[in-house]
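Here the structure comes first, spelled out in structure tokens, and everything after it is commentary.
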Amino acid sequence: MLISISNLRKLYSMGEIEVRALDGVDLEVEAGDYLAIMGPSGSGKSTLMNLIGCLDTPSSGEYILNGHAVSGLDDSELALIRNSEIGFVFQTFNLLSRATALANVELPLIYARMPAAKRRQRALEALERVGLADRVKHQPNELSGGQRQRVAVARALVNRPSILLADEPTGNLDSKTSEEIMALFDELNDAGNTIVLVSHEEDIAAHARRTIRLLDGKVVSDGRPTDGGAGP
Amino acid sequence: MIWDNFRIALQAIRANKMRSLLTMLGIIIGVAAVIAVVSIVQGLNHVIATELEGVGVTYIVVYPRQDLQDPDLAGREVTLTYDDGLAIMEQATGLELFNPVFYRGEQTRSGDRRHPTTLLGIGPSHQEVMDHWVDEGRFFSELDLQRAARVALIGRKVIEELELEEPILGSDLIVGASSFTIIGIMEYKGETVGRSQDDFVLVPITTARDIYGVDAVKQLRLDFKAASPDTVDLAKDQIGEVLRRRHRIAEGTKDDFRVFLQEEILESTGAILGTVTSVVGGVVGIALLVGGIGIMNIMLVSVTERTREIGVRKAVGARKSDILVQFLTEAVTISLVGGLIGIVCGWGLGIIGANAIPGFPPAHVPLWAIALAFGFAAIVGIFFGTYPAAKAASLDPIDALRYE
Chain A
1 MLISISNLRK LYSMGEIEVR ALDGVDLEVE AGDYLAIMGP SGSGKSTLMN LIGCLDTPSS
61 GEYILNGHAV SGLDDSELAL IRNSEIGFVF QTFNLLSRAT ALANVELPLI YARMPAAKRR
121 QRALEALERV GLADRVKHQP NELSGGQRQR VAVARALVNR PSILLADEPT GNLDSKTSEE
181 IMALFDELND AGNTIVLVSH EEDIAAHARR TIRLLDGKVV SDGRPTDGGA GP
Chain B
1 MIWDNFRIAL QAIRANKMRS LLTMLGIIIG VAAVIAVVSI VQGLNHVIAT ELEGVGVTYI
61 VVYPRQDLQD PDLAGREVTL TYDDGLAIME QATGLELFNP VFYRGEQTRS GDRRHPTTLL
121 GIGPSHQEVM DHWVDEGRFF SELDLQRAAR VALIGRKVIE ELELEEPILG SDLIVGASSF
181 TIIGIMEYKG ETVGRSQDDF VLVPITTARD IYGVDAVKQL RLDFKAASPD TVDLAKDQIG
241 EVLRRRHRIA EGTKDDFRVF LQEEILESTG AILGTVTSVV GGVVGIALLV GGIGIMNIML
301 VSVTERTREI GVRKAVGARK SDILVQFLTE AVTISLVGGL IGIVCGWGLG IIGANAIPGF
361 PPAHVPLWAI ALAFGFAAIV GIFFGTYPAA KAASLDPIDA LRYE
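Those sequence lines, one after another, are chains A and B. Heads up: the first sequence runs through residues 1 to 232, numbered per my numbering. Heads up: the second sequence runs through residues 1 to 404, numbered per my numbering.
Encoded structure:
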């Protein structure tokens, strides 16, 4: 099992009030899965996303990612996991504006301490994979929204992570470009990449092979086309 | 990794050229001041060292001390005579040579050209004591000294100013009201701090006495050469004793003469230069402090502006230490680039300063001064960059990614 989450809780205290952003979530994701996490705002999907992405640590519960017990790791260990296991794709692309597409894609490899020549080669491969081989020297402001998101996908892929984590990846794109990006995700999943997608749009989530729905910090449904039933 | 950080830093500086330049200003001024002052002080040291090298550490000079403000000297006739010198040679140990020097300003004339110069009436050991020798012609003979012959040795500057034409040796020169035959030209010494060392006329001291009268040669400069550097201090004490006894100076009253050692001249100029250096050092310290605060300020702005960038970097795997090093590198790069500009400016100032003072040697900036300037700049960058860098490193990735 690639992701194994059991009884995960995340509590925030806002002054006197305690907010249960996640209230006992259980979730298992196999390698090669294509999962969409849905839910209204405030349902806890962003919190779950941050925990899966190792940007945050849970208040209690267990999270095992590709054999690493993430719950007990410190900052720099989490950074290492993010670098080697997770590829992020954000709604707002989050590219470095002063760097070229190539330099943006190389970024995770810099923190992986990869030698420059190898870094460059891997980044070029990743850009080619997302169909931007002819745009490597362009800066983000010289690229369209769809191209920027492709650069972000290339950056997410470049260090060969075990999961691709996309947070509303089409939120800032028009419908045609959204379909192109989703087609790219489908293609990547077909090639064996595990994808976890957070979205509130049904037609985007429909690309996934499995959909879980959150409400008030709990999983309320876990739909698998294969078994069609609820989660454990 | 270090190179990557350095590239990022240069990129950030280039992206905000004006802001970066203003930030660097404090560092630029501080470093430029260091380099300019060091180059000028080095030049002065060089001048003094070469000047003193000639006479050497065994040179001792005694001047009459006249001070109308001093009650101990008021109402006394201050004298320092040839006989004083002879008595010192007789009674003090460790002295090898003695040379009395009568000095006064005089007008020289040749044809219709005039030139004010210094007339020195000297004894037979002048060459050895001053280590300054006749270049062409001959030195005064014993006979010249005995007979108070009207003969003179001249410096190159006098030849130049009076436009004397060959043959110089054997020709006549008017000094003051008297005419002298030029019998020799002294070797060239060059300039010291803009003053020619070759602007003089030497005549036998007996001749000077003949012309200016016995009273005029009662206030001489007495030059001595000690037998070895080890005997200089003892000789100085003994000169003092002999002169106090001969001048009947009571216990507890001040001397009417001054004894200088080469070493002391070196020390006193060294002390002056040291004072200059420390004053400038203080100014530089303040400039660097202000520069450092400027860097800290701009780095804090930069960290805030680039919050999202920090979030992205953390999301793709940058550790706290990576972010810390990145921003620290940026702060140090700003201050090092400032230091580099400062070195160039300071060097320029040093060259301008050296050219403005006639006879000053070309500005020389030693390697250690450049290393020092760079070192200071780097320390300022590290010291004032640490807080902003630590602030950047400790940002929470989720908050940083959400920052608008």
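All residues carry an ideal CB built from backbone N, CA and C; glycine is no exception.
- Listed along chain A are LEU55, ARG82, PHE88, each with a C-beta nearer than 7 Å to that of ALA315/B.
- VAL62/B is bridged by DSSP to LEU222/B, VAL259/B.
- For ARG319/B, the C-beta contacts it makes with chain A under 8 Å involve ASP75, SER76, ALA79, LEU80, TYR111, in order along the chain.
- Chain order gives no chain B residues near PRO115/A, where near means a beta carbon separation below 7 Å; the closest approach is about 11 Å.
- Taking C-alpha positions only, ILE185/B is separated from ILE286/B by approximately 53 Å.
- As DSSP reads the structure, LEU214/A sits in a beta bridge with VAL219/A.
- Taking a Cβ-Cβ threshold of 8 Å, none of the residues of chain B is close to PRO140/A; the smallest such distance is about 12 Å.
- One finds nothing in chain B with a Cβ atom closer than 8 Å to the Cβ of ARG160/A; even the nearest lies about 13 Å away.
- Counted as a single uninterrupted DSSP element, the beta strand (DSSP E) harbouring GLU106/B occupies residues 95-110.
- Linking ASN7/A to ILE8/B through their CA atoms gives a straight-line distance of about 43 Å.
- DSSP places GLY184/B within a strand segment (E or B) once states are collapsed to three.
- One finds VAL316 in chain B with Cβ atoms closer than 8 Å to the Cβ of ARG155/A, taken in chain order.
- Within 10 angstroms of the beta-carbon of GLU77/B lie fewer than 16 other beta-carbons, which makes it exposed.
- Cβ contact annotation for GLU263/B (same chain, cutoff 8 Å, sequence separation greater than five): VAL57, VAL232, in chain order.
- By the criterion of a C-beta distance shorter than 6 Å, LEU401/B is surrounded in its chain by GLY311, once the five residues flanking it on both sides are discounted.
- The segment 12-21 of chain B and the segment 273-287 of chain B do not touch, with fewer than three beta-carbon pairs separated by less than 8 Å.
- A Cβ-Cβ separation of about 7 Å places ILE183/B in contact with LEU169/B under the 8 Å criterion.
- Non-local C-beta neighbours of ARG150/B in its own chain, meaning closer than 7 Å and more than five positions away in sequence, comprise SER178, SER179, PHE180, THR181, THR207, ordered along the chain.
- Taking C-beta separations shorter than 6 Å and ignoring five residues to either side along the sequence, the partners of ARG150/A in its chain run VAL130, LEU132, following chain order.
- Linking SER335/B to SER394/B through their CA atoms gives a straight-line distance of about 23 Å.
- Annotation for HIS115/B: the continuous beta strand (DSSP E) segment containing it runs 113-122.
- Bridge pairing for SER60/A: ARG9/A [DSSP].
- For GLY385/B, the uninterrupted alpha helix (DSSP H) run begins and ends at 367-393, by DSSP.
- Under the three-state reduction of DSSP output, ARG135/A falls in the helix class.
- Beta bridge pairing from DSSP links ASP23/A with ARG9/A.
- Membership of ILE195/A in any alpha helix (DSSP H) is not indicated; the residue belongs instead to the beta strand (DSSP E) covering 194-198.
- For a Cβ distance threshold of 8 Å, nothing in chain A lies close to ALA271/B: the least Cβ distance comes to about 54 Å.
- Residue-level contact check: PRO108/A touches chain B, since one or more beta carbons of chain B fall below 7 Å from its beta carbon.
- Within the same chain, and ignoring the five residues on either side of LEU324/B in sequence, the residues whose Cβ sits closer than 6 Å to its Cβ are ALA389, ALA393.
- In chain order, TYR34, LEU35, ALA36, ILE37, ALA166, PRO169, PHE185, ILE204, ALA205, HIS207, ALA208 place their CB closer than 8 Å to the CB of LEU197/A, counting only its own chain and leaving out the 5 sequence neighbours on each side.
- Between the segment 218-229 of chain B and the segment 60-71 of chain B there are three or more inter-stretch CB-CB distances shorter than 8 Å, so the stretches are counted as touching.
- Boundaries of the beta strand (DSSP E) harbouring ALA36/A: 34-38, taken from the DSSP string.
- At least one C-beta of chain A is nearer than 7 Å to the C-beta of ASP4/B.
- Taking a C-beta cut-off of 9 Å against chain A, the contacting residues of the segment 382-401 of chain B are ASP396, PRO397, ILE398, LEU401, listed in chain order.
- Nearest to MET296/B by C-alpha distance, out of VAL242/B, GLY381/B, ALA363/B, is GLY381/B.
- Excluding sequence positions up to five before and after PRO116/B, its CB lies within less than 7 Å of the CB of GLY105, GLN107, all in the same chain and listed in chain order.
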